[in-house]
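A.B. asks:
In my numbering, the protein residues as written are 50 to 225.
The structure is reproduced here in structure tokens:
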């Protein structure tokens with residue numbers, strides 16, 4: 050008797066499950082006709098291909114230089130430094146000067162048709178210079194992004210010595 054009830058319940062559930070997909074298909078077809086199903090919306094939203102360039106940022110504790118080139122790196126598109134946008138020498142490496150310089154370079158890049166950039170950050174490095182970039186590097190990247198340029202890859206291209214000149218200070222080092 051219990052088995053008969055289970056069979057009856059399973060048959061009713063099966064019938065209900067069969068009806069639901071058919072009802073959903075009917076609902077979907079009535080909701081919108083094929084011709085009006087988002088044709089105008091999708092057709093109007095075409096993406097333009099991104100034209101890439103390279104932004105070389107040299108940031109030391111004395112200045113910040115921002116140079117935008119084409120993707121090959123051979124043709125220069127725009128170059129600005131912190132010293133060109135501020136009057137005081139002490140402000141050349143500041144984040145404020147870097148932001149203003151980045152805005153100027155971004156405007157020139159937009160005029161040339163560049164919409165995305167890969168960023169190469171360089172600190173003085175080498176044998177005697179510091180290996181970490183100055184205060185203007187991060188501000189410049191943030192400013193480029195806010196201007197509407199797409200940021201691709203950010204690389205650190207600081208020159209690193211592979212065992213070169215002997216450091217100053219002698220054998221026992223600098224004694225403080």
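For each residue, glycine too, the CB sits at the ideal point set by N, CA and C.
To the nearest angstrom, how far is the alpha carbon of residue 98 from that of residue 221?
C.D. replies: Their backbone Cα atoms lie some 59 Å apart in a straight line.
A.B. asks: Taking residue 12 as the reference, give the member of 100, 139, 115 and 137 with the closest Cα.
C.D. replies: In the structure as shown, the chain begins at 50 and stops at 225. Residue 12 is therefore absent and cannot be evaluated.
A.B. asks: Kindly give me the distance between the Cβ atoms of residue 186 and residue 209, rounded to whole angstroms, as I take these residues to be in contact under 8 Å.
C.D. replies: That belief does not hold up - the Cβ atoms of residue 186 and residue 209 are roughly 17 Å apart, past 8 Å.
A.B. asks: Label residue 214 either buried or exposed according to how many other C-beta atoms from any shown protein chain fall within 10 Å of its C-beta, with 16 as the threshold for buried.
C.D. replies: Result: exposed.
A.B. asks: Residue 226 to residue 147, Cα distance in whole Å?
C.D. replies: Absent from the structure is residue 226, since the part of the chain shown begins at 50 and ends at 225.
A.B. asks: What runs of the alpha helix (DSSP H), each 4 residues or longer, lie entirely inside the region 140–203?
C.D. replies: Within the region 140–203, the complete alpha helix (DSSP H) runs of at least 4 residues are 144–160 and 185–195.
A.B. asks: Since residue 302 and residue 200 are thought to touch, with beta carbons under 8 Å apart, how far apart are those beta carbons, to the nearest angstrom?
C.D. replies: For the chain, the structure presents residues 50 to 225; residue 302 sits outside this window and is missing.
A.B. asks: Distance, Cα to Cα, residue 212 vs residue 177?
C.D. replies: Looking at the two C-alpha atoms, the distance is approximately 12 Å.
A.B. asks: Do the CB positions of residue 103 and residue 166 come within less than 8 Å of each other?
C.D. replies: A contact, by the Cβ cut-off of 8 Å.
A.B. asks: Quick check: residue 130 and residue 150, are their CB atoms within less than 8 Å of each other?
C.D. replies: Yes. Within cutoff.
A.B. asks: Closest to residue 161 by CA distance: which of 109, 119 and 218 is it?
C.D. replies: That would be 119, whose Cα lies nearest to the Cα of residue 161.
A.B. asks: Do residue 183 and residue 207 have their beta-carbon atoms positioned less than 8 Å apart in this structure?
C.D. replies: Not in contact: residue 207 and residue 183 (Cβ atoms no closer than 8 Å).
A.B. asks: Just the Cα atoms here: how many angstroms apart are residue 140 and residue 95?
C.D. replies: Each residue's alpha carbon lies about 44 Å from the other.
A.B. asks: With distance defined between alpha-carbon atoms, name the residue in 195, 205 and 112 nearest to residue 180.
C.D. replies: Taking only the C-alpha atoms, the option nearest residue 180 is 205.
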